[in-house]
Amino acid sequence: MAKWLVKTEPSECSIDDFARAPGTAIPWDGVRNYQARNFLREMTEGDEVFIYHSSCKHIGIAGIVRVTRSAYPDPKQFDASSPYHDPKSTPDNPRWQAVDMQFVRKLPKLISLDRLKNLTGLEQLPLVRKGNRLSVMPVSEDEWQLIVQLVD
DNA sequence: GCCAACGTTGGC
DNA sequence: GCCAACGTTGGC
929 MAKWLVKTEP SECSIDDFAR APGTAIPWDG VRNYQARNFL REMTEGDEVF
979 IYHSSCKHIG IAGIVRVTRS AYPDPKQFDA SSPYHDPKST PDNPRWQAVD
1029 MQFVRKLPKL ISLDRLKNLT GLEQLPLVRK GNRLSVMPVS EDEWQLIVQL
1079 VD
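So for the first sequence, the numbering used here puts the first residue at 929; every next one is plus one.
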């Protein structure tokens, strides 16, 4: 079972939005970056995912969700009224993918980016690397355990 | 609000 | 295929 991390601006979709709808599949859509999309495609049902809050007051890992549906064409790419509309994508040959996720847990205390940056063992995680903009990334089992240990 | 770092686009 | 220009991300 693979592990992942996704970035989100909490004003868009936060761990609290998941927590408010336990048991409900929430689409993870709007990813418009090829490398991130390729990782979305690799996600399988049951995979666990860190939710990372970016571009906000409290930056860091805020909780855990689970993939409940593997990749399918992101409907928003075909919706002309959506900011995620992609006129170059067609239903025959969709360019962008979405997955569904549901709430697992909110961390009792957010794990700050600063703390993650200072952890030995996370050097390979794109999240803590300078200038990195990847919004969907794999997390190794070792990295996952290292981070989960910080909870509580 | 600033700006460095990055990904994408498009002219050549 | 190169690369300058541009738009976006995201920490500070």
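Ideal placement from N, C-alpha and C gives every residue a C-beta, glycine not left out.
Residue i and residue j closer than 7 angstroms at C-beta
{"i": "residue 1031", "j": "residue 938", "result": "no"}
{"i": "residue 1039", "j": "residue 989", "result": "yes"}
{"i": "residue 1066", "j": "residue 932", "result": "yes"}
{"i": "residue 1064", "j": "residue 946", "result": "no"}
{"i": "residue 974", "j": "residue 1034", "result": "no"}
{"i": "residue 977", "j": "residue 1027", "result": "no"}
{"i": "residue 1004", "j": "residue 1010", "result": "yes"}
{"i": "residue 1013", "j": "residue 1020", "result": "no"}
DSSP state of residue i mapped onto helix, strand, coil
{"i": "residue 1079", "result": "coil"}
{"i": "residue 966", "result": "helix"}
{"i": "residue 973", "result": "coil"}
{"i": "residue 1015", "result": "coil"}
{"i": "residue 1064", "result": "strand"}
{"i": "residue 1054", "result": "helix"}
Enclosing alpha helix (DSSP H) for residue i [first to last residue]
{"i": "residue 1047", "result": "Premise fails: residue 1047 is in no alpha helix (DSSP H) and is neither H nor E."}
Neighbour-count burial assignment, residue i, 16 or more Cβ in a 10 Å radius
{"i": "residue 959", "result": "buried"}
{"i": "residue 1079", "result": "exposed"}
{"i": "residue 927", "result": "Since the first and last residues shown for the chain are 929 and 1080, residue 927 lies out of range."}
{"i": "residue 1077", "result": "exposed"}
{"i": "residue 1048", "result": "exposed"}
{"i": "residue 964", "result": "buried"}
{"i": "residue 952", "result": "exposed"}
{"i": "residue 1073", "result": "exposed"}
{"i": "residue 1052", "result": "exposed"}
{"i": "residue 1018", "result": "exposed"}
{"i": "residue 1071", "result": "buried"}
Residue i - containing beta strand (DSSP E), residue span
{"i": "residue 945", "result": "Counting along the chain, residue 945 falls outside any beta strand (DSSP E), though it belongs to the alpha helix (DSSP H) covering 943-947."}
{"i": "residue 997", "result": "988-1001"}
{"i": "residue 1025", "result": "1025-1040"}
{"i": "residue 936", "result": "931-936"}
{"i": "residue 1022", "result": "Where residue 1022 is concerned, there is no enclosing beta strand (DSSP E), given that its DSSP letter is neither H nor E."}
{"i": "residue 955", "result": "954-956"}
Integer-rounded CB distance, given that residue j should sit under 8 angstroms from residue i
{"i": "residue 998", "j": "residue 971", "result": "6 angstroms"}
{"i": "residue 1022", "j": "residue 1001", "result": "4 angstroms"}
{"i": "residue 987", "j": "residue 1041", "result": "5 angstroms"}
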